[in-house]
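What follows is a short report on a single structure.
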Amino acid sequence: MQESKIIHDLKWRYAVKKFDASKKVSKEDLNIFLESLRLTASSFGLQPWKFVVVENPDIRSKLLEHSYNQAQVVDASHLIVLCRNTKIDATLVNDYIDDIIQKTGADTSSLEGYKNMMLGFISNLDENNAKAWAEKQVYIALWNALSSLAQLKIDSCPMEWFSPEKYDEILWLTELWLASVVILPIWYRSGDDTYASNDKFRYDSEKMILKI
Ligand SMILES: Cc1cc2nc3c(=O)[nH]c(=O)nc-3n(C[C@H](O)[C@H](O)[C@H](O)COP(=O)(O)O)c2cc1C
250 MQESKIIHDL KWRYAVKKFD ASKKVSKEDL NIFLESLRLT ASSFGLQPWK FVVVENPDIR
310 SKLLEHSYNQ AQVVDASHLI VLCRNTKIDA TLVNDYIDDI IQKTGADTSS LEGYKNMMLG
370 FISNLDENNA KAWAEKQVYI ALWNALSSLA QLKIDSCPME WFSPEKYDEI LWLTELWLAS
430 VVILPIWYRS GDDTYASNDK FRYDSEKMIL KI
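Going by my numbering, the sequence shown opens with residue 250, and the numbers climb by one from there.
Laid out in structure tokens, this is it:
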């Protein structure tokens with residue numbers, strides 16, 4: 250039986266450590282990728298995130314030492330920093346509702362119930378829960394990114410091993426009420442990256458999928 254395209258793409262992707270420095274992701278592909286990120290689903294649709302595209306080489310070299318010197322940060326075509334909103338309060342809900350009204354012309358009163366439900370949810374979160382909730386949403390975007398990139402045949406390496414505090418400072422994220430969660434350098438694999446030929450280690454489906 251022929252392997253489905255989804256499975257083929259997911260087996261093709263891996264966390265690339267060594268990029269081909271002669272290739273850059275085209276503007277067209279980058280835009281498709283960013284649009285797929287923008288379309289990520291989130292709890293209530295609140296989208297408590299921003300995605301920062303870092304191209305500037307000077308800024309990226311400053312980030313290198315705060316990324317345990319993982320060369321992907323400077324070598325990649327683009328460095329995407331996935332950030333959570335740090336202000337998880339009524340403004341998050343109000344902005345979202347205002348955007349819906351502006352785009353659809355919906356009546357304010359028709360959204361009142363939905364708005365109150367979201368305000369109730371947000372008001373029950375303490376600082377730690379709000380952070381954890383926003384981070385979870387960002388990780389949905391991370392997987393959407395990896396899967397979209399695999400379909401576009403663009404490589405990447407998701408990275409948590411960096412100093413979020415330093416990133417927030419260097420990229421002025423704190424002032425923007427943002428905090429970095431996970432970073433994603435994107436580019437194309439080098440022909441001699443030994444990781445490319447490694448087997449993908451995943452537990453067998455009998456172990457991971459429980460059918461009741
Ligand atoms: C959230 C997350 C954080 C990761 N952080 C790093 C990292 O800091 N450095 C790195 O080289 N790889 C990192 N990885 C890559 C994983 O090691 C890799 O995805 C995993 O071993 C599975 O292999 P595969 O992606 O090649 O299939 C990270 C992956 C994820 C999903």
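Backbone N, C-alpha and C define an ideal beta-carbon position, used for all residues, glycine too. None of these values were measured; they are calculated from a predicted model.
beta-carbon residue i near ligand 1 non-hydrogen atom, thresh 7 angstroms
i, result
"Gln319", "yes"
"Met408", "yes"
"Val431", "yes"
"Lys449", "yes"
"Lys311", "no"
"Lys415", "no"
"Glu385", "First, the amino acid is wrong: residue 385 is Lys here, not Glu. False, no ligand heavy atom lies under 7 angstroms from that Cβ."
"Ala468", "No answer is possible for residue 468: the residues shown for the chain start at 250 and end at 461."
"Lys460", "no"
"Lys402", "no"
"Tyr452", "no"
"Lys267", "no"
"Gly264", "Contrary to the premise, residue 264 reads as Ala rather than Gly in this sequence. Ala264 Cβ: within cutoff of ligand 1."
DSSP bridge partner residues for residue i (one or two, in chain order)
i, result
"Phe282", "Phe282 is not bridged to any residue."
"His327", "Ile435"
"Arg333", "Trp298 and Ala428"
"Val303", "Leu328"
"Ser405", "Ala264 and Ile435"
Cβ neighbours of residue i in the same chain (closer than 7 angstroms, five flanking residues each side left out)
i, result
"Trp261", "Ala399"
"Thr335", "Trp426, Leu427 and Ala428"
"Glu304", "His327"
"Glu252", "none"
"Ser285", "Asn393 and Ser397"
"Val330", "Val301, Val303, Tyr416, Leu420, Ser429 and Ile432"
Cut-off 6 angstroms between Cβ atoms - residues of its own chain near residue i, not counting five sequence neighbours on either side
i, result
"Ser291", "Gln386"
"Lys267", "Ser439 and Asp442"
"Leu313", "Val322 and Val323"
"Asp258", "Ala399 and Gln400"
"Tyr416", "Ser429"
8 angstroms Cβ shell around residue i - same chain, five flanking residues per side excluded
i, result
"Ser310", "Val323"
"Leu295", "Leu341, Val342, Tyr345, Met367 and Gln386"
"Cys332", "Trp298, Lys299, Phe300, Val301, Val387, Leu422, Leu427, Ala428, Ser429 and Val430"
Any non-hydrogen atom of ligand 3 within 7 angstroms of residue i CB
i, result
"Lys415", "Ligands present in the displayed structure are limited to ligand 1, and ligand 3 is not among them."
Cβ contact (3+ pairs, closer than 8 angstroms) linking the region 440-448 and the region 353-361: Pairwise C-beta distances place the region 440-448 out of contact with the region 353-361, as fewer than three of them are shorter than 8 angstroms.
The region 413-426 touching the region 386-396, judged by at least three CB pairs closer than 8 angstroms: Here the region 413-426 makes no contact with the region 386-396; the two share fewer than three CB pairs at distances below 8 angstroms.
Every unbroken beta strand (DSSP E) within the region 362-407, with a cutoff of 3 residues, ordered by chain: Correct list: empty.
Meets three-Cβ-pair contact criterion under 8 angstroms: the region 271-283 and the region 365-382: Contact check between the region 271-283 and the region 365-382: fewer than three CB pairs, one atom from each, fall below 8 angstroms, which does not count as touching.
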